[in-house]
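*Asks:* Take a look at the following structure, please.
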Amino acid sequence: MKILALDTSFDDTAAAVLDGPCSVLSSVVSSQHEAHRAFGGVVPEVASRLHVERILPAIDEALARARLTIDAIDAVAVTNRPGLLGSLLVGLDAGKAVAFARRIPLVCVHHIEAHLYALFLDRPDLRPPVLCVVASGGHTSLVLLRRHGDMTVMGRTLDDAAGEAFDKVARAAGLELPGGPALSALADRGDPAAVAMPVPEVGELDFSFSGLKTHAARLLGEGAPPADVAAAFQRSVVTVLVRRMIAASRAAGVTTVGLGGGVAANAAWRSAAGEAARAEGLDLVVPPFAYCTDNAAMVGCLGHFMLDAGLCDGLETDAASTAAVGAVSFEIPPEIGSHAP
Amino acid sequence: MRGGYAGAVLVLGIDTAGRNASVALVDGDGIGETRERVGPHSATLLPVTAELLRDHGARPEDLDLIGVSRGPGSYTGLRVGVVSAKTLGWATRTPVVGVPTLEARARLAPGRVPRVLVALHAYKKRMLYQWFTRGRGDVLEPEAVPALVQAAEVPRAGAGEAVVTDAPELLDGIDSWRAEVVVPLGTAAQAVAALALARWRLDARDEACSLTPVYLRPPPVTLKPGGFPHPGAHAHAHAHAHDKGQGQNRT
Numbered sequence: 007m008k009i010l011a012l013d014t015s016f017d018d019t020a021a022a023v024l025d026g027p028c029s030v031l032s033s034v035v036s037s038q039h040e041a042h043r044a045f046g047g048v049v050p051e052v053a054s055r056l057h058v059e060r061i062l063p064a065i066d067e068a069l070a071r072a073r074l075t076i077d078a079i080d081a082v083a084v085t086n087r088p089g090l091l092g093s094l095l096v097g098l099d100a101g102k103a104v105a106f107a108r109r110i111p112l113v114c115v116h117h118i119e120a121h122l123y124a125l126f127l128d129r130p131d132l133r134p135p136v137l138c139v140v141a142s143g144g145h146t147s148l149v150l151l152r153r154h155g156d157m158t159v160m161g162r163t164l165d166d167a168a169g170e171a172f173d174k175v176a177r178a179a180g181l182e183l184p185g186g187p188a189l190s191a192l193a194d195r196g197d198p199a200a201v202a203m204p205v206p207e208v209g210e211l212d213f214s215f216s217g218l219k220t221h222a223a224r225l226l227g228e229g230a231p232p233a234d235v236a237a238a239f240q241r242s243v244v245t246v247l248v249r250r251m252i253a254a255s256r257a258a259g260v261t262t263v264g265l266g267g268g269v270a271a272n273a274a275w276r277s278a279a280g281e282a283a284r285a286e287g288l289d290l291v292v293p294p295f296a297y298c299t300d301n302a303a304m305v306g307c308l309g310h311f312m313l314d315a316g317l318c319d320g321l322e323t324d325a326a327s328t329a330a331v332g333a334v335s336f337e338i339p340p341e342i343g344s345h346a347p
Numbered sequence: 140m141r142g143g144y145a146g147a148v149l150v151l152g153i154d155t156a157g158r159n160a161s162v163a164l165v166d167g168d169g170i171g172e173t174r175e176r177v178g179p180h181s182a183t184l185l186p187v188t189a190e191l192l193r194d195h196g197a198r199p200e201d202l203d204l205i206g207v208s209r210g211p212g213s214y215t216g217l218r219v220g221v222v223s224a225k226t227l228g229w230a231t232r233t234p235v236v237g238v239p240t241l242e243a244r245a246r247l248a249p250g251r252v253p254r255v256l257v258a259l260h261a262y263k264k265r266m267l268y269q270w271f272t273r274g275r276g277d278v279l280e281p282e283a284v285p286a287l288v289q290a291a292e293v294p295r296a297g298a299g300e301a302v303v304t305d306a307p308e309l310l311d312g313i314d315s316w317r318a319e320v321v322v323p324l325g326t327a328a329q330a331v332a333a334l335a336l337a338r339w340r341l342d343a344r345d346e347a348c349s350l351t352p353v354y355l356r357p358p359p360v361t362l363k364p365g366g367f368p369h370p371g372a373h374a375h376a377h378a379h380a381h382d383k384g385q386g387q388n389r390t
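Written out as structure tokens, the structure reads:
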């Protein structure tokens with residue numbers, strides 16, 4: 007089954023074509039970073055307008071790279087929740103129009119659930135249960151996949167997302183958007199032990215980065231060396247992300263863990279997570295970076311499993327700015343489950 | 140044009156500039172049926188379009204032209220209409236023509252009236268208005284670009300003129316105006332289809348891949364070159380949108 011997948015939940019216009027759940031024929035992401043840089047953050051109205059301009063060129067490009075025309079597409083998968091409403095609507099309406107025009111099934115997916123399913127891209131051997139730490143500019147969650155179609159959030163941030171904290175500290179250090187990679191590069195030149203930085207631990211499996219961010223910004227304001235502050239801040243964030251991953255894997259009794267979201271580009275996190283997983287005897291899955299940041303391939307992967315399970319959405323489906331992970335559950339029929347991952 | 144639907148020209152008109160989604164299926168003479176649906180634009184537009192086509196025994200690929208209202212109007216509504224129209228056109232290889240929202244409404248005035256005022260409700264007590272003059276070839280031509288004003292500041296139309304408005308209650312003393320008053324009920328999309336067809340026959344290009352709404356104003360933003368603690372309020376809102384969702388899952 008060939009799927010056209012779309013994601014316009016935040017500031018990237020993404021389209022992908024998949025042949026089966028794990029095989030990506032093309033994945034196109036049109037980033038809006040440049041457009042939002044001048045504003046110091048993503049402006050929803052700007053994002054919506056750019057999505058309108060870019061959605062069809064993105065679909066065209068994804069089909070061209072897959073060497074297919076729209077006539078070869080069997081189904082459409084699109085992110086309709088959660089995210090910026092005006093952004094979500096662009097991808098959703100394009101997806102619905104394609105499904106209507108071509109008389110093919112439409113399935114609407116949850117953005118964070120799709121981040122978890124990125125683990126299955128290029129990994130047809132992977133089997134649930136899997137625990138995934140999704141950390142990006144918009145969310146930080148521990149998502150457990152017990153079996154296909156059965157997801158639950160074990161922990162989440164109570165305030166800022168990890169990537170958001172990275173971006174804000176980067177801004178306080180005078181770095182340009184996107185701040186995460188810039189702050190990480192600065193951290194490589196600093197000494198994490200040179201300044202005091204707490205490891206924020208709240209509850210059992212939750213996260214809180216707001217206080218840490220404020221503390222780092224205050225140190226910068228007081229004239230502490232930016233590289234040292236960046237290094238100490240990054241170490242604290244990575245430490246809590248890794249501790250929570252191990253704690254959640256024990257609580258859930260899983261042996262496979264994964265990373266997802268844009269923060270997975272952070273080499274320090276990947277390396278610390280790898281070490282901790284080895285020590286704990288866990289299999290750590292880190293998708294290629296292009297599938298960690300916002301993309302549509304992950305949407306196509308989850309969409310394919312949902313279609314296999316018989317789920318399908320109507321043209322009346324709307325977008326939602328907030329939505330619970332795991333609210334829509336599904337079950338893969340055994341005859342499919344036996345040969346598909 | 141293309142065959143398929145009894146050989147006749149078949150035009151789909153879409154108008155989501157106002158509160159409701161409105162769609163029309165018209166023939167080469169601009170005559171047909173319009174349907175309007177109450178509810179969020181995205182949830183209603185394609186279902187009512189599918190229903191309209193089905194009731195006329197037409198399939199999406201039978202369309203010869205898709206006309207869509209480009210604005211100005213509700214930003215979200217316009218985006219829903221423009222994206223749906225152009226993707227539908229792209230996927231069925233049907234040309235798409237965007238038309239100005241107020242100019243399409245002006246066509247709903249009686250044919251003999253030489254001058255037409257279109258006044259549409261924008262938000263709160265504000266209205267968009269634009270004057271049109273009947274020029275050569277009986278075509279209504281805009282006198283100026285649309286203006287957004289307080290309802291009380293909309294100019295009066297007089298004898299020999301017509302007013303097309305969706306909110307007569309907001310126009311001060313309209314009962315005493317000597318102009319003809321037209322309140323279009325569910326006919327907006329039909330006028331959009333008719334104007335798109337007229338333009339397509341004249342000189343319009345297919346805009347399936349490039350069409351964007353006409354926005355009245357640039358995005359409401361101020362430049363924030365940086366400097367914590369001035370968080371990007373919007374990025375913040377996004378984070379909470381996600382986190383709230385996860386929060387609900389925990390309860």
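Chains as they are written, first to last, in the working numbering: chain A, 7 to 347; chain B, 140 to 390. Ideal placement from N, C-alpha and C gives every residue a C-beta, glycine not left out. Bear in mind the structure is a predicted one, so any value in this text is a computation, not a measurement.
1. Determine whether the beta carbon atoms of residue 327 of chain A and residue 164 of chain A lie at a separation below 9 Å.
2. With a cut-off of 9 Å, does the C-beta of residue 58 of chain A fall near any C-beta of chain B?
3. Of the residues B/254, B/311, B/187, B/337, which one's Cα is nearest the Cα of residue 298 of chain B?
4. Just verifying my parser: in three-state terms, what is the DSSP assignment at residue 38 of chain A?
5. Per DSSP, which residues does residue 87 of chain A bridge with? Please list them.
6. In chain order, what residues of the same chain have a beta carbon less than 7 Å from the beta carbon of residue 370 of chain B, not counting five sequence neighbours either side?
7. If you count every other CB in all the chains shown that lies within 10 Å of the CB of residue 114 of chain A, and 16 or more means buried, which is it?
8. Taking beta-carbon pairs under 7 Å, can you tell me which members of the region 215 to 235 of chain B lie near chain A?
9. Since residue 108 of chain A meets chain B, which of its residues come closer than 7 Å, beta carbon to beta carbon?
10. For residue 177 of chain A, I'd like the list of residues in its chain whose CB is within less than 8 Å of its CB, leaving aside the five on either flank, ordered along the chain.
11. Give every residue of the same chain whose Cβ lies closer than 7 Å to the Cβ of residue 345 of chain B, excluding the five residues on either side of it in the sequence, and list them in chain order.
12. Tell me, to the nearest whole angstrom, how far the beta carbon of residue 332 of chain B is from that of residue 206 of chain B; I am working on the premise that it is less than 8 Å.
13. What does a CB cutoff of less than 6 Å around residue 33 of chain A pick up in its chain, not counting 5 residues either side in sequence?
14. Step through the CB atoms of chain B and report whether any lies within less than 9 Å of the CB of residue 51 of chain A.
15. State yes or no: is the beta carbon of residue 1 of chain A nearer than 9 Å to at least one beta carbon in chain B?
16. Residue 293 of chain A and residue 264 of chain A: beta carbons closer than 9 Å?
17. Count the other C-beta atoms from every protein chain shown that fall within 10 angstroms of the C-beta of residue 108 of chain A, then say buried if there are 16 or more, exposed otherwise.
18. Check the Cβ-Cβ distances between residue 245 of chain A and every residue of chain B, and say whether any is below 9 Å.
19. I'd like to know if the region 259 to 271 of chain B and the region 131 to 147 of chain A are in contact, where contact means that at least 3 CB-CB pairs between them fall below 8 Å.
20. Entirely within the region 109 to 179 of chain A and at least 4 residues each: give me those alpha helix (DSSP H) ranges in chain order.
21. Along chain B, in chain order, which residues have C-beta atoms closer than 7 Å to that of residue 322 of chain A?
22. For residue 102 of chain A versus residue 223 of chain B, is the C-beta spacing smaller than 9 Å?
23. Who are the Cβ neighbours of residue 214 of chain B in its own chain at under 8 Å, not counting the five residues just before and after it?
24. Taking C-alpha atoms, which residue in B/322, B/277, B/147, B/296 lies nearest to residue 315 of chain B?
25. Under 9 Å Cβ-Cβ, which residues of chain B neighbour residue 267 of chain A?
26. Using a beta-carbon distance below 9 Å, is residue 403 of chain B in contact with chain A?
27. Under 8 Å Cβ-Cβ, which residues of chain A neighbour residue 360 of chain B?
28. Among the candidates B/308, B/245, B/168, B/177, whose CA atom is the shortest distance from the CA of residue 290 of chain B?
29. DSSP state of residue 314 of chain B, grouped into three classes?
30. Would residue 98 of chain A count as contacting chain B if we go by Cβ distances under 9 Å?
31. Give the DSSP-derived three-state secondary structure of residue 303 of chain B in the structure shown.
32. Which partner residues of residue 270 of chain B appear in the DSSP bridge assignment?
33. Evaluate residue 229 of chain A with the Cβ neighbour count: other Cβ atoms within 10 Å of its Cβ, from every protein chain shown; 16 or more gives buried, anything less gives exposed.
34. When the Cα of residue 57 of chain A is compared with those of A/69, A/71, A/41, which residue comes out closest?
35. Tell me the rounded alpha-carbon separation between residue 366 of chain B and residue 180 of chain A.
36. Compute the Euclidean distance between the alpha carbons of residue 320 of chain B and residue 75 of chain A, then round it to the nearest angstrom.
*Replies:* Taking the structure as given:
1. Counting from 1 along the first sequence, the entry for residue 327 of chain A is found at position 321. Counting from 1 along the first sequence, the entry for residue 164 of chain A is found at position 158. Contact: no.
2. For the purposes of this step, residue 58 of chain A is identified with residue 52 of the first sequence, where counting begins at 1. So, interface residue.
3. Taking the second sequence and counting its residues from 1, one reaches residue 298 of chain B at position 159. Closest by alpha carbon: B/254.
4. On the first sequence, residue 38 of chain A is found 32 positions in, with the first residue counted as 1. Residue 38 of chain A: coil per DSSP, three-state reduction.
5. Walking along the first sequence from the start, residue 87 of chain A turns up at place 81. DSSP output for residue 87 of chain A lists A/116 as bridge partner(s).
6. The residue you call residue 370 of chain B lines up with position 231 of the second sequence. Because residue 370 of chain B sits at a pLDDT of 35, beneath the cut-off of 50, its placement in the model cannot be relied upon, and the point is left open.
7. Along the first sequence, read from residue 1 onward, the residue named residue 114 of chain A stands at position 108. It is buried - the Cβ of residue 114 of chain A has at least 16 other Cβ atoms within 10 Å.
8. 215, 218, 219, 221, 222, 223, 225, 226, 227, 229, 230, 231
9. Taking the first sequence and counting its residues from 1, one reaches residue 108 of chain A at position 102. Simply 230.
10. Here residue 177 of chain A refers to the residue found at position 171 of the first sequence. So the list reads 46, 183, 185, once near-sequence residues are dropped.
11. Residue 345 of chain B sits at position 206 when you count from the first residue of the second sequence. 234, 235, listed in sequence order.
12. By 1-based counting over the second sequence, the position of residue 332 of chain B is 193. By 1-based counting over the second sequence, the position of residue 206 of chain B is 67. With a Cβ gap of about 5 Å, residue 332 of chain B and residue 206 of chain B count as contacting.
13. For the purposes of this step, residue 33 of chain A is identified with residue 27 of the first sequence, where counting begins at 1. Same-chain partners within the cutoff: 22, 301, 303.
14. Along the first sequence, one-based indexing puts residue 51 of chain A at 45. For residue 51 of chain A, the answer is yes, since a Cβ of chain B falls inside 9 Å of its Cβ.
15. Absent from the structure is residue 1 of chain A, since the part of chain A shown begins at 7 and ends at 347.
16. Walking along the first sequence from the start, residue 293 of chain A turns up at place 287. Walking along the first sequence from the start, residue 264 of chain A turns up at place 258. Going by C-beta atoms, residue 293 of chain A is nearer than 9 Å to residue 264 of chain A.
17. To locate residue 108 of chain A, count along the first sequence from 1; it is residue 102. By the neighbour-count rule (16 or more Cβ atoms within 10 Å), residue 108 of chain A is buried.
18. Taking the first residue of the first sequence as 1, we reach residue 245 of chain A at position 239. Not one chain B Cβ lies under 9 Å of residue 245 of chain A.
19. no
20. 117 to 123, 168 to 178
21. Your numbering for residue 322 of chain A matches position 316 in the first sequence. Correct list: 182, 186.
22. The count along the first sequence starts at 1 and reaches residue 102 of chain A at position 96. The count along the second sequence starts at 1 and reaches residue 223 of chain B at position 84. Yes.
23. Against the second sequence, residue 214 of chain B aligns to sequence position 75. The residues are 352, 354.
24. Position 176 of the second sequence, counting from 1, holds the residue named residue 315 of chain B. For the residues B/322, B/277, B/147, B/296, the minimum Cα distance to residue 315 of chain B belongs to B/296.
25. Here the question's residue 267 of chain A lines up with position 261 in the first sequence. Near residue 267 of chain A there are no residues of chain B at all, since even the closest Cβ is about 10 Å away, more than 9 Å.
26. No answer is possible for residue 403 of chain B: the residues shown for chain B start at 140 and end at 390.
27. Against the second sequence, residue 360 of chain B aligns to sequence position 221. Neighbours of residue 360 of chain B on chain A, chain order: 45, 49, 51, 52.
28. On the second sequence, residue 290 of chain B is found 151 positions in, with the first residue counted as 1. Cα-wise, what sits closest to residue 290 of chain B is B/308.
29. Stepping through the second sequence from its first residue, residue 314 of chain B is reached at position 175. In the structure shown, residue 314 of chain B sits in a helix (DSSP, three-state: H, G or I).
30. Taking the first residue of the first sequence as position 1, residue 98 of chain A is located at position 92. It does; some Cβ of chain B falls within 9 Å.
31. For the purposes of this step, residue 303 of chain B is taken as the residue at position 164 of the second sequence. Strand, per DSSP.
32. The residue you call residue 270 of chain B lines up with position 131 of the second sequence. Answer by DSSP bridge pairing, in chain order: B/256.
33. Walking along the first sequence from the start, residue 229 of chain A turns up at place 223. Label assigned to residue 229 of chain A: exposed.
34. Taking the first sequence and counting its residues from 1, one reaches residue 57 of chain A at position 51. Taking only the C-alpha atoms, the option nearest residue 57 of chain A is A/41.
35. Along the second sequence, one-based indexing puts residue 366 of chain B at 227. Along the first sequence, one-based indexing puts residue 180 of chain A at 174. Its pLDDT being 38, under 50, residue 366 of chain B is placed unreliably in this model, and the coordinates cannot settle the point.
36. Walking along the second sequence from the start, residue 320 of chain B turns up at place 181. Walking along the first sequence from the start, residue 75 of chain A turns up at place 69. Their backbone Cα atoms lie some 49 Å apart in a straight line.
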